[in-house]
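J.:
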Amino acid sequence: MIWVVLTVMADKTPGLREKSKEMKKPLETIILRIVDSVNGNRPLSGFAAADQFRPEEKGDEEVARNLNAAFLIVLSGSAHSLYEQAGEYLETLKGDKRWAEIAHFYAEGVRRITKEISEACLTDKVYNQAFDEAASWSIRPGTSWGDDAREKVWKLFFPEGAWCIGDHKERIGELRKKRRVRITRLNQKPVNNPACQILFMSNLLITVPDDGEDIDSLPYRADMLRELKQIAKEKQKYWFDHPIQIGVKNEQNEAIYGLRGLNNAMAFEKARGVVRPDDKGTCLLSVSVTHDGLHRVVKDYLGEVYAGTDPFPHLNIHLFSEVDTKRILDDIILPGAEKYLGIFGGDPIRRVFGVDGEYGRHYSFLKAISAFWQVLVDPVVKGSFKLDLDQVFDEEALVAETGQSALEHFVTPLWGAEGIETEGRAVELGMMAGALVNERDIGHGLFTPDVPIPESVPEGEAVIFYSPLPMALSTRAEMMTRYDNDILDGVETCIQRIHVTGGTSAALIDSIRNHRPFTPTFIGRAEDQAYLLCCLLKNPDKNLRYLHKPGLIMRHDKEAFAGQAIKGAKLGQYVGDLVRTLYFSYYARALPWSVKQTKRIIDPFTGCFVSKIPFTVVYLRLALNLAGFFAPDDPVKKEEGLKLLTLSVGRLEGLIRDLGNTPNPLSARYREEKEGWDIFYDVLDRIEEGLAKGDDFSLELKQRAMEIVDDCLIPVGTNPDKPGN
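Residue numbers (the numbering used here): 28 to 752.
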């Protein structure tokens with residue numbers, strides 16, 4: 028019988044087996060309290076799983092709803108009146124070709140959750156106590172769901188959120204104190220000519236036309252349209268938050284929008300006298316795609332987009348595709364590795380250097396290409412600044428509220444300064460982070476947090492995980508800090524940033540080359556926050572950190588023009604959030620120091636995705652969220668729920684299965700990727716030494732690099748008569 032088989036532990040460790048038996052009943056009590064009425068108390072999630080379990084209904088959306096409800100009922104244990112019927116339903120559907128994968132995913136979920144929580148209780152006395160308190164509360168009659176009760180449940184599933192409960196101002200103050208850095212040495216050679224010394228960077232994320240788009244009506248060549256029809260039939264390989272859909276109108280195209288904003292900012296800086304009239308900003312773009320077939324057309328597509336728009340007279344723009352990054356490897360880095368390091372083949376560096384794949388791959392590329400640029404293209408450059416192309420500098424607001432234009436914010440000796448953080452570790456502030464203000468909020472001022480503090484916690488999956496709360500507190504504690512008091516004066520004291528965004532983040536190239544941070548290629552969300560994890564405690568003497576720069580704020584315009592793309596990516600973004608918990612949790616375990624040490628630094632927001640029980644959190648978040656789709660009698664919502672379930676199982680099952688192996692598979696991947704980046708930076712160091720000595724081979728590599736860079740320069744506005752696409 029499935030409801031018996033599911034609870035049998037595959038692990039034969041006696042202590043774990045006994046702990047599983049010991050905690051099985053209390054766990055069922057907690058889940059039952061979440062998804063059904065107990066002792067007169069309404070379900071914490073706001074719905075009853077029993078109401079959604081109607082096995083006589085056979086439509087696809089109804090079967091999906093039944094499977095989800097059956098999972099929650101079986102997880103609730105034999106105290107649930109439908110326990111046996113739900114178990115039989117799961118068992119039957121495992122034999123149905125249409126539903127076998129999903130039924131198996133849910134059946135395995137019960138076993139995985141039981142095993143995971145048992146291990147956590149066995150190895151952590153504090154967690155075991157939290158488990159006991161949550162179970163005891165769950166069986167009490169007449170309980171109300173307020174902060175005291177929420178704290179008990181969250182300590183089990185979402186301890187970072189439990190810390191946030193209470194006086195928000197007090198929590199913000201505590202977090203700001205935790206982030207404080209005492210400056211011991213300012214940067215002696217700071218950036219002083221940002222237009223020439225900083226590389227501006229961003230990534231273009233390209234996907235197929237919208238489902239409702241008539242591909243034949245798009246204003247492209249006939250051969251490209253034929254290709255697009257075939258590519259649209261491919262299985263999507265990567266998911267991004269709001270990729271550019273081929274065919275989108277120019278006024279809604281991030282590929283143009285963000286560059287236009289940057290070009291306008293450079294014009295403002297010239298009028299202000301910050302930038303010399305003849306200087307141009309250098310902008311490096313990477314281009315990543317969601318479908319393999321897009322490689323065949325993406326540069327042609329972007330070529331047509333840029334040819335048909337107005338020029339960017341204040342920018343030089345270079346675009347790097349996966350083809351271009353392969354050329355950099357084959358023509359420069361790998362020959363350098365053979366010549367100077369005696370390394371042949373180059374598999375480690377091939378795995379990490381490029382722009383295709385998850386967010387982590389192109390994010391690390393954009394940071395690393397600045398080092399390549401400094402050594403082989405322009406030694407004058409000192410740093411890089413990454414912006415997202417749905418963000419712009421509102422220069423007039425910046426000057427009015429901060430007294431500095433955008434580029435003037437980069438001229439500070441704090442960027443690259445050294446200091447001592449709160450726990451006594453020496454740090455180097457070689458990275459720098461700004462903040463965002465939503466376009467709809469800028470009328471209230473630049474320093475308007477882009478994440479509101481929730482007035483209340485909703486039902487559904489928020490019962491066990493609700494990241495908007497720590498995100499909102501972290502936004503205020505870190506991003507909104509101003510250096511306007513004796514405790515934080517921006518001279519002798521400042522704060523470091525853990526909570527950063529992909530846009531508005533900067534890096535000194537020397538710091539990158541010395542510390543060699545990277546985001547692993549498997550990271551598909553929050554790649555910005557993952558970038559420094561491998562450097563948190565890497566060096567015994569001095570570790571790399573982000574400086575918080577007050578006032579370095581960009582206006583976030585995504586909702587003003589990218590609504591269609593955001594809507595189209597909503598489900599993929601949600602699943603990516605679940606994947607984030609899995610990867611962050613296991614990546615933290617792969618680092619050469621304890622998870623506890625890591626979380627002491629990165630909690631509460633970044634750390635809430637590093638969970639002691641990631642499988643449990645992911646399964647319960649998904650199931651409770653799906654119940655919200657299936658609860659109303661809304662055909663559109665139910666269809667969306669079916670899509671979410673199918674997408675989730677397709678992306679999660681294999682990953683959970685792999686991560687459940689022993690040893691942690693990310694440990695080997697971390698070491699391999701670190702080796703790849705070490706080779707990359709070692710080669711650059713040796714080429715730089717060779718260039719200083721006039722070495723012929725290094726000079727030849729420099730010549731090849733310049734040829735690649737010239738080939739990647741984008742001609743813009745060369746076809747002004749072309750109709751807007």
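Don't be surprised by glycine CBs; every beta carbon is placed ideally from N, CA and C.
Keep in mind that this is a model prediction, so the values were computed, not measured.
Bridge partners for residue 413 per DSSP, in chain order?
T.: Locating residue 413 in the sequence shown gives position 386, where the first residue counts as 1. Beta-bridge pairing links residue 413 to 228, 532.
J.: Between residue 286 and the rest of its own chain, which residues show a CB-CB distance below 6 Å, the 5 nearest in sequence each way excluded?
T.: Here the question's residue 286 lines up with position 259 in the sequence shown. Only 339 meet the Cβ criterion.
J.: Should the segment 271–282 be called in touch with the segment 400–413, which here means at least 3 C-beta pairs below 8 Å?
T.: Contact between the segment 271–282 and the segment 400–413 is absent, because fewer than three Cβ pairs lie under 8 Å.
J.: Can you give me the C-alpha to C-alpha distance between residue 298 and residue 292, rounded to a whole angstrom?
T.: In the sequence shown, the residue the question calls residue 298 occupies position 271. In the sequence shown, the residue the question calls residue 292 occupies position 265. Looking at the two C-alpha atoms, the distance is approximately 10 Å.
J.: Using only CA atoms, which one of 630, 605, 681, 618 lies nearest to residue 648?
T.: Here residue 648 refers to the residue found at position 621 when the sequence shown is read from its first residue. Comparing Cα positions, the closest option is 605.
J.: Quick check: residue 311 and residue 397, are their CB atoms within less than 9 Å of each other?
T.: The sequence position of residue 311 within the sequence shown is 284, counting from 1. The sequence position of residue 397 within the sequence shown is 370, counting from 1. The answer is yes: Cβ separation under 9 Å.
J.: Exposed or buried, what is residue 733 when buried is set at 16 or more other beta-carbons lying within 10 Å of its beta-carbon?
T.: Mapped onto the sequence shown, residue 733 falls at position 706. Exposed: under 16 other Cβ atoms inside 10 Å.
J.: When you compare each of 670, 658, 331, 645 to residue 679 by their alpha carbons, which one comes out closest?
T.: Your numbering for residue 679 matches position 652 in the sequence shown. Here the closest residue by C-alpha is 645.
J.: Cα-Cα, which of 315, 352, 570, 62 is closest to residue 229?
T.: For this step, residue 229 is matched to residue 202 along the sequence shown. Measuring from the Cα of residue 229, the nearest candidate turns out to be 315.
J.: Starting from residue 220, follow the beta strand (DSSP E) in both directions and report where the run begins and ends.
T.: Within the sequence shown, numbered from 1, the residue matching residue 220 stands at position 193. Note, residue 220: premise wrong, no beta strand (DSSP E); not H, not E.
J.: Return the chain-ordered ranges of every alpha helix (DSSP H) run that is complete within the segment 675–747 and spans a minimum of 4 residues.
T.: List check, alpha helix (DSSP H) in window: 692–720, 723–738.
J.: Taking only the alpha-carbon atoms, compute the straight-line gap between residue 210 and residue 538 and give it to the nearest angstrom.
T.: Locating residue 210 in the sequence shown gives position 183, counting from the first residue. Locating residue 538 in the sequence shown gives position 511, counting from the first residue. If you take the alpha carbons of residue 210 and residue 538, they lie about 17 Å apart.
J.: Compare the beta carbon distance of residue 174 and residue 200 with 9 Å and say whether it is the shorter of the two.
T.: Counting from 1 along the sequence shown, the entry for residue 174 is found at position 147. Counting from 1 along the sequence shown, the entry for residue 200 is found at position 173. Taking 9 Å as the Cβ cut-off, residue 174 and residue 200 do not qualify as a contacting pair.
J.: If you draw a straight line from the alpha carbon of residue 544 to that of residue 611, how long is it in whole angstroms?
T.: In the sequence shown, counting from the first residue as 1, residue 544 sits at position 517. In the sequence shown, counting from the first residue as 1, residue 611 sits at position 584. Rounded to whole angstroms, residue 544 to residue 611 spans 16 Å at the Cα level.
J.: Do the segment 155–171 and the segment 656–674 touch if we need at least three Cβ pairs shorter than 8 Å?
T.: No: the two stretches stay apart, fewer than three of their Cβ pairs being nearer than 8 Å.
J.: On a Cα-Cα basis, can you pick out the residue from 331, 324, 302 that is closest to residue 745?
T.: In the sequence shown, counting from the first residue as 1, residue 745 sits at position 718. Of 331, 324, 302, the residue nearest in Cα terms is 331.
J.: Assuming the contact rule is C-beta atoms closer than 8 Å, residue 130 and residue 121 should be a hit. Round their C-beta distance to whole Å, please.
T.: Counting from 1 along the sequence shown, the entry for residue 130 is found at position 103. Counting from 1 along the sequence shown, the entry for residue 121 is found at position 94. Between residue 121 and residue 130 the Cβ distance is about 4 Å, and since that is below 8 Å, they are a contact.
J.: Check each candidate in 369, 696, 625, 462 and name the one with the smallest Cα separation from residue 450.
T.: The residue you call residue 450 lines up with position 423 of the sequence shown. Checking every option, the nearest Cα to that of residue 450 belongs to 625.
J.: Excluding the 5 residues preceding and the 5 following residue 738 in the sequence, name in chain order all residues of the same chain whose CB lies nearer than 8 Å to its CB.
T.: Taking the first residue of the sequence shown as 1, we reach residue 738 at position 711. Contacts found: 351.
J.: Does the distance from the C-beta atom of residue 542 to that of residue 460 stay below 9 Å?
T.: Mapped onto the sequence shown, residue 542 falls at position 515. Mapped onto the sequence shown, residue 460 falls at position 433. Result no, Cβ atoms of residue 542 and residue 460 do not sit closer than 9 Å.
J.: Going by C-alpha to C-alpha distance, which of 214, 685, 161 sits closest to residue 439?
T.: Against the sequence shown, residue 439 aligns to sequence position 412. Selected option, being the one with the closest Cα: 214.
J.: Taking the alpha-carbon positions, what's the residue 423 to residue 482 distance?
T.: For the purposes of this step, residue 423 is taken as residue 396 along the sequence shown, with counting starting at 1. For the purposes of this step, residue 482 is taken as residue 455 along the sequence shown, with counting starting at 1. Rounded to whole angstroms, residue 423 to residue 482 spans 32 Å at the Cα level.
J.: Within a Cβ cutoff of 6 Å, which residues of the same chain sit near residue 82, ignoring the five residues on either side of it in sequence?
T.: As a working note, residue 82 is residue 55 in the sequence shown. Counting only Cβ-Cβ distances below 6 Å, and skipping sequence neighbours, we find 93, 116.
J.: Short of 6 Å in beta carbon distance, which residues of its chain neighbour residue 19, apart from the five on each side in sequence? Order them along the chain.
T.: It is not possible to answer for residue 19, since the shown part of the chain is limited to 28 through 752.
J.: Considering only C-alpha positions, which residue in the set 277, 232, 221, 222 is nearest to residue 245?
T.: Residue 245 sits at position 218 when you count from the first residue of the sequence shown. For the residues 277, 232, 221, 222, the minimum Cα distance to residue 245 belongs to 277.
J.: Could you work out which residue in 290, 231, 706 is closest to residue 540 when comparing CA atoms only?
T.: Indexing the sequence shown from 1 puts residue 540 at position 513. Out of 290, 231, 706, 706 has the C-alpha closest to the C-alpha of residue 540.
J.: Between residue 685 and residue 290, what straight-line distance do the alpha-carbon atoms span, to the nearest angstrom?
T.: Here residue 685 is taken as the residue at index 658 of the sequence shown, counted from 1. Here residue 290 is taken as the residue at index 263 of the sequence shown, counted from 1. Approximately 46 Å, taken between the alpha carbons.
J.: Return the chain-ordered list of same chain residues with a C-beta closer than 6 Å to the C-beta of residue 509, the five sequence neighbours on each side being excluded.
T.: Along the sequence shown, read from residue 1 onward, the residue named residue 509 stands at position 482. Closer than 6 Å at the Cβ level, and outside the excluded window around residue 509, lie 577.
J.: Taking the alpha-carbon positions, what's the residue 258 to residue 124 distance?
T.: The sequence position of residue 258 within the sequence shown is 231, counting from 1. The sequence position of residue 124 within the sequence shown is 97, counting from 1. Using only the alpha carbons, I get a separation of about 27 Å.
J.: Within the same chain, show all residues whose beta-carbon is closer than 7 Å to that of residue 70, passing over the 5 residues directly before and after it, in chain order.
T.: Here residue 70 refers to the residue found at position 43 of the sequence shown. Excluding positions up to five away in sequence, the list reads 61, 62, 63, 64.
J.: For residue 462, which of helix, strand or coil comes out of DSSP?
T.: Taking the sequence shown and counting its residues from 1, the one referred to as residue 462 is at position 435. Looking at residue 462 - three-state DSSP - the assignment turns out to be strand.
J.: State yes or no: is the C-beta of residue 547 within less than 9 Å of the C-beta of residue 557?
T.: Taking the sequence shown and counting its residues from 1, one reaches residue 547 at position 520. Taking the sequence shown and counting its residues from 1, one reaches residue 557 at position 530. Yes, the Cβ-Cβ distance between residue 547 and residue 557 is below 9 Å.
J.: What residue range is occupied by the uninterrupted alpha helix (DSSP H) comprising residue 71?
T.: Counted from its first residue, the sequence shown places residue 71 at position 44. Counting along the chain, residue 71 falls outside any alpha helix (DSSP H), and DSSP gives it neither H nor E.
J.: Three Cβ pairs or more, each shorter than 8 Å: is that satisfied between the segment 562–569 and the segment 510–518?
T.: Judged by Cβ distances under 8 Å, the segment 562–569 makes no contact with the segment 510–518, as fewer than three pairs qualify.
J.: Assuming residue 479 contacts residue 499 (C-beta within less than 8 Å), just tell me the rounded distance between them.
T.: Translated into the one-based positions of the sequence shown, residue 479 becomes position 452. Translated into the one-based positions of the sequence shown, residue 499 becomes position 472. About 6 Å; that satisfies the 8 Å criterion.
J.: Confirm, please, whether the CB-CB distance from residue 302 to residue 308 is below 9 Å.
T.: Looking up residue 308 in the sequence shown gives position 281. Looking up residue 302 in the sequence shown gives position 275. Taking 9 Å as the Cβ cut-off, residue 308 and residue 302 qualify as a contacting pair.
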